[in-house]
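Q: To start, I am sharing the structure in question, which I have written as structure tokens.
Residue numbers (the working numbering), protein chains in the order written: chain A, 1 to 250; chain B, 251 to 570.
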């Protein structure tokens, strides 16, 4: 299958400590890939490098065959690489609806319009309502984002990313801090998004049940390096992964 | 659809305007009402930057003074007949001055932005005092004429009302526009704005320029009110007074700064007449406001009028 994202020899270090070391990675279009690894392995830093939030020391990043190595975060987001965050990144004093509307206005390039009312664009409101419905947030649309539960805030975070109609969705620990019920719901959402929209998804996760149950392909990072990749079964039985991260009991 | 209650502030402004126009009130009070209108525009323009975008500028007086000096000095040179044109020119000058300053200051964030705007404001104030032959130095410039049609205090009040009303409508539309929503987003979570594909710097710069334009317009209007301009219009305490007005009224509501301005100027006028320690009373009021009512007077009123609202009630509202 064609690679939508390709990292070539990507390096980044802080005071000699590598968060990315000689990373070569290909993400296939339409795939659902997990990145796992211990804390401090460089997983979130890898997302930061892909999305332009961190400057690379060396290496190249290609998205749909186009070199995006030196692009800034807003350009990368506009190209279709969109992320949701480990700690929900929302607009706390806006309603759920306005959070999504903001993303939708950006997607439709209306963010510099200062003459029209923000609710006056029919297509944008329809798009916003579609995302609200898809993510089951309809009955909470007039709540302030800060009034949502932790789980709903994470869903809103992902919903905002989806509003941009991404080609590649990066989810950083989508179930972090969630109750078991909320985790179950999030797993359903990730599966549904992948199935319904054929959305290429790359996610970081610590819950191995979720990783092995959801991901089609898994990459394992340790100390800034990708030490293994493969299917759930291959990763579970990889001695290096067992030694470095999973432990013997898995 | 917009709720009918959202038109209430506009109706109140119109009624107040008509009352002042048709009631037999003294010239001093008409003058006071004109001051309130001018400073309301200044405060609302400032709040586009502060309350919406989250940028605290201590240099807003720079654009206020610049608008006043450009309008005032040119009107003095060319005559009162050109006042309206020169008023527009003063606003445009403030807008143009804001381009390099905004490009530079907005490279910094938080307190560094605040200090840089403060530094520029003080720099221009210093230059204004030193250039005695050009600006009149400490004495400023007096005897700025107005066009014949705006000679009386009342006619000037009507003129100011029309200009301020149109400006407020523009700024109100801006506040409820997509651009306004982005500015609110920048205040709350600028990183997320970036990751949604929007350029924070460009939005902030545009907000800075728009704010400067209307602040300059307010300055120009003030030069016509008293027929005089002085370097203290550039001084940082002028910027500080506007911050107080905005906080007093409430930064999270479009009309908060208008309400804050009305109360501030009335207090200044009435307490100032009775005691020279008026800043002491103002300080006390500000302390009470910030500690007990951080959302300002409009914040209190809104909470009082809405009453307790449950999550369920909020959720049951609807959007188009």
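Don't be surprised by glycine CBs; every beta carbon is placed ideally from N, CA and C.
Please read these numbers as outputs of a predicted model, since none were measured by experiment.
Does the contact criterion of 3 or more C-beta pairs under 8 Å hold for the stretch 48-64 of chain A versus the stretch 413-429 of chain B?
A: no
Q: Quick check: what's the CA-CA separation for residue 251 of chain A versus residue 103 of chain A?
A: Since the displayed chain A opens at 1 and closes at 250, residue 251 of chain A lies outside it and no answer follows.
Q: Flag this pair as yes or no: are the beta carbons of residue 531 of chain B and residue 77 of chain A separated by less than 9 Å?
A: Contact: no.
Q: Classify residue 243 of chain A: buried if its beta carbon has 16 or more other beta carbons within 10 angstroms, exposed otherwise.
A: exposed
Q: In the DSSP assignment, find the unbroken beta strand (DSSP E) run with residue 18 of chain A in it and report its ends.
A: Segment 17-28, the beta strand (DSSP E) holding residue 18 of chain A.
Q: Check whether the stretch 143-155 of chain A and the stretch 32-44 of chain A are in contact - that is, three or more C-beta pairs closer than 8 Å.
A: The stretch 143-155 of chain A makes no contact with the stretch 32-44 of chain A; the number of CB pairs closer than 8 Å stays below 3.
Q: Shortest alpha-carbon distance to residue 449 of chain B belongs to which of A/230, A/125, A/192, A/74?
A: A/74
Q: Out of A/17, A/70, A/185, A/134, state which residue places its alpha-carbon closest to the alpha-carbon of residue 150 of chain A.
A: The residue among A/17, A/70, A/185, A/134 with its C-alpha nearest the C-alpha of residue 150 of chain A is A/185.
Q: Buried or exposed: where does residue 544 of chain B fall if 16 or more other Cβ atoms within 10 Å of its Cβ makes it buried?
A: It is exposed - the Cβ of residue 544 of chain B has fewer than 16 other Cβ atoms within 10 Å.
Q: So, residue 310 of chain B versus residue 492 of chain B, is the Cβ gap smaller than 9 Å?
A: yes
Q: Could one say the Cβ of residue 543 of chain B lies closer than 9 Å to chain A's Cβ atoms, at least one of them?
A: no
Q: Just the C-alpha distance for residue 435 of chain B and residue 88 of chain A, rounded to the nearest angstrom, thanks.
A: 15 Å
Q: Check whether the Cβ atoms of residue 216 of chain A and residue 101 of chain A lie closer than 9 Å to each other.
A: The answer is no: Cβ separation not under 9 Å.
Q: When the distance is taken between beta carbons, is residue 305 of chain B closer than 9 Å to residue 488 of chain B?
A: No, the Cβ-Cβ distance between residue 488 of chain B and residue 305 of chain B is not below 9 Å.
Q: Quick one: complete alpha helix (DSSP H) runs, 4+ long, within the stretch 448-502 of chain B?
A: 450-476, 486-499
Q: Could you check what DSSP says for residue 545 of chain B in three-state terms: helix, strand or coil?
A: Note: residue 545 of chain B maps to coil in three-state DSSP.
Q: Look at the Cβ atom of residue 379 of chain B, then the Cβ atom of residue 319 of chain B, and state whether they are nearer than 9 Å.
A: no
Q: Only counting the same chain, and skipping five residues up and downstream in sequence, which positions put a Cβ closer than 8 Å to that of residue 333 of chain B?
A: 321, 325, 395, 396, 397, 400, 474
Q: With distances taken between CB atoms, is the gap from residue 112 of chain A to residue 274 of chain B smaller than 9 Å?
A: no
Q: Between residue 165 of chain A and residue 80 of chain A, what straight-line distance do the alpha-carbon atoms span, to the nearest angstrom?
A: 7 Å
Q: Alpha carbon to alpha carbon, how far is residue 92 of chain A from residue 457 of chain B?
A: Straight across, the Cα-Cα distance linking residue 92 of chain A with residue 457 of chain B is about 21 Å.
Q: Among the residues of its own chain, which have a CB less than 8 Å from the CB of residue 280 of chain B, if the five just before and after it don't count?
A: Here the set comprises 270, 403, 404, 407.
Q: Could you check the C-alpha separation between residue 207 of chain A and residue 341 of chain B for me, to the nearest Å?
A: 59 Å
Q: Where does residue 523 of chain B sit, in a helix, a strand or coil, going by DSSP?
A: helix
Q: Kindly list the residues whose CB is nearer than 8 Å to the CB of residue 23 of chain A, restricted to its own chain and excluding five residues on each side of it in sequence; keep chain order.
A: 7, 9, 10, 11, 46, 59, 224, 225, 226
Q: With residue 310 of chain B as the anchor, note down where its alpha helix (DSSP H) starts and where it stops.
A: Taken as a continuous stretch (DSSP letters only), the alpha helix (DSSP H) holding residue 310 of chain B covers 310-328.
Q: Are residue 313 of chain B and residue 348 of chain B close, meaning C-beta to C-beta below 9 Å?
A: yes
Q: Excluding the 5 residues preceding and the 5 following residue 329 of chain B in the sequence, name in chain order all residues of the same chain whose CB lies nearer than 7 Å to its CB.
A: 395.
Q: Decide if residue 439 of chain B is buried, meaning its Cβ has at least 16 other Cβ atoms within 10 Å, or exposed.
A: buried
Q: On a CA-only basis, which of A/194, A/120, A/171 is nearest residue 134 of chain A? Give me that one, please.
A: Measuring from the Cα of residue 134 of chain A, the nearest candidate turns out to be A/194.
Q: Restricting to Cα atoms, I'd like to know which of A/64, A/68, A/188, A/155 is closest to residue 172 of chain A.
A: A/155
Q: Using 9 Å as the limit for Cβ to Cβ distance, is residue 158 of chain A near chain B?
A: no
Q: Pull up the DSSP beta-bridge partners for residue 391 of chain B, would you.
A: DSSP, once it has assigned bridges, lists B/479 as partnering residue 391 of chain B.
Q: Could you round the C-beta distance between residue 337 of chain B and residue 477 of chain B to whole angstroms and report it? I think they count as a contact, below 8 Å.
A: Not really, about 14 Å apart at Cβ, beyond 8 Å.
Q: Name the chain A residues whose beta carbon is nearer than 7 Å to that of residue 509 of chain B?
A: In chain order: nothing, as chain A lies at least about 20 Å away.
Q: To the nearest angstrom, how far is it from the Cα of residue 504 of chain B to the Cα of residue 86 of chain A?
A: 34 Å
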